[in-house]
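Heads up: the sequence shown is residues 2 to 266, going by the numbering used here. So the structure is just underneath, and the comments pick up after that.
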Amino acid sequence: MEYLDFAETLAKSAGSLIMKRMEEPIAAEEKSSSFDVVTEVDKEVEQWIRESINNHFPEHHFLGEEEAYVSGQSLQSVLSEAVKKPFLWIVDPIDGTSNFVQGIPGFTVSIALAVKGELTVGAVYDPCAGELFSAVKGGGAFLNGRPLHVSVKERLNESVVATGFPSDMPSRMAVYSGLGNLLQQCRTIRSLGSAARHLAYVAAGRLDGFWENGLKCWDMAAGVLLVQEAGGHVTDCSGGQYQLAASDIVSSNGRIHDLLLDCVE
Ligand code: 2AM
Ligand code: CA
Numbered sequence: 002m003e004y005l006d007f008a009e010t011l012a013k014s015a016g017s018l019i020m021k022r023m024e025e026p027i028a029a030e031e032k033s034s035s036f037d038v039v040t041e042v043d044k045e046v047e048q049w050i051r052e053s054i055n056n057h058f059p060e061h062h063f064l065g066e067e068e069a070y071v072s073g074q075s076l077q078s079v080l081s082e083a084v085k086k087p088f089l090w091i092v093d094p095i096d097g098t099s100n101f102v103q104g105i106p107g108f109t110v111s112i113a114l115a116v117k118g119e120l121t122v123g124a125v126y127d128p129c130a131g132e133l134f135s136a137v138k139g140g141g142a143f144l145n146g147r148p149l150h151v152s153v154k155e156r157l158n159e160s161v162v163a164t165g166f167p168s169d170m171p172s173r174m175a176v177y178s179g180l181g182n183l184l185q186q187c188r189t190i191r192s193l194g195s196a197a198r199h200l201a202y203v204a205a206g207r208l209d210g211f212w213e214n215g216l217k218c219w220d221m222a223a224g225v226l227l228v229q230e231a232g233g234h235v236t237d238c239s240g241g242q243y244q245l246a247a248s249d250i251v252s253s254n255g256r257i258h259d260l261l262l263d264c265v266e
């Protein structure tokens, strides 16, 4: 519980920092391409989270989106070393930077703790809504302290499924292909701009499923634990077991999982 409490407090404090910075004009710069943006706030908040973790748990390791991007090393090589660490914090300071830059609510802070490579704690905070989603391995998932459960839908034609549009073109086209199939079968589709929030909403039963291609571990790690602890199912797009190094994800209430996989594989 110590780590869960810490992650929850950290996510909420980081969210307050982001909201404060939103009162000033924010310039966005391009990262890997014009489809991929970052702001000073992403970097400042990540640095603040990193220092907070280091102050409390100096022996723990840290993997954050902005730092990993600057390091220039491939994520696969960073991750293959990182997952061996006894304690690894995986952080996205702002998941949904495009929402943040455009002034659209719904970006989140995503903080996960992996213990020897196993997801153990996850916290996703939506500061605009004041919603804190959190989970601890074997202990359930919660929204502002209330237990969460996935939905009970069994058919795609009664399901609401979400996806996102990643920055790299092959992944975007893979999403497009799945979208073509699912638009013909689902009740409707949503795209809310934050993978972490999509996963939190699957855990809360607000969405029945979410899939996306071309993500990174910090977009998904905390949200994956939320879905699992709320009774849902998470795989890669081929139905294989979710791993921290995965870039494609299918998550659902479990009951529609195979139907979803058939559409996005
Ligand atoms: P971000 O805002 O933290 O970058 C939207 O499709 C989702 O994809 C968001 O969760 C967004 O997170 C993520 N995303 C955007 N660009 C990305 C990139 N270059 N690599 C991985 N994930 C990315
Ligand atoms: Ca981010």
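Ideal Cβ positions, reconstructed from N, Cα and C, are used throughout, including at glycine.
Please check the pair residue i and residue j, which I expect to be a contact at CB under 8 Å, by giving their CB distance rounded to whole angstroms.
i: V38; j: V125; result: With a Cβ gap of about 21 Å, V38 and V125 do not count as contacting.
i: D220; j: A247; result: No, D220 and A247 are not in contact; Cβ-Cβ is about 11 Å, not under 8 Å.
i: V176; j: D209; result: 18 Å between Cβ atoms; not a contact.
i: W90; j: L120; result: Wrong, their Cβ atoms sit about 12 Å apart, outside the cutoff.
i: I250; j: D237; result: 7 Å
i: S135; j: E3; result: No, S135 and E3 are not in contact; Cβ-Cβ is about 13 Å, not under 8 Å.
i: A142; j: A222; result: So it is not a contact: roughly 14 Å between Cβ atoms.
i: L64; j: V79; result: 7 Å
Are there 16 or more other CB atoms within 10 angstroms of the CB of residue i, so buried, or fewer, so exposed?
i: K217; result: buried
i: S111; result: buried
i: D6; result: exposed
i: S160; result: buried
i: N55; result: exposed
i: S72; result: exposed
i: Q74; result: exposed
i: G123; result: buried
i: N145; result: exposed
i: D259; result: exposed
i: P26; result: exposed
i: G215; result: buried
i: G104; result: exposed
Return helix, strand or coil for residue i, following the three-state DSSP convention.
i: D96; result: strand
i: A83; result: helix
i: Q48; result: helix
i: P26; result: coil
i: A69; result: helix
i: Q242; result: strand
i: E3; result: helix
i: P148; result: strand
i: F166; result: coil
i: Y105; result: The sequence shown places Ile at residue 105, not Tyr. If DSSP states are grouped into helix, strand and coil, I105 belongs with coil.
i: L208; result: coil
i: H62; result: strand
i: G224; result: helix
Does the beta carbon of residue i fall short of 6 Å from some heavy atom of ligand 3?
i: S172; result: Within the structure as shown, ligand 3 is missing, the only ligands being ligand 1 and ligand 2.
Any chance you could list the residues with Cβ under 6 Å from a heavy atom of ligand 2, keeping chain order? D43, E66, D93, I95, D96 and T98
Within 8 Å, do at least three Cβ pairs link the segment 180 to 190 to the segment 141 to 158? yes
Would you be able to state if there are at least three C-beta pairs under 8 Å between the segment 140 to 152 and the segment 166 to 182? no
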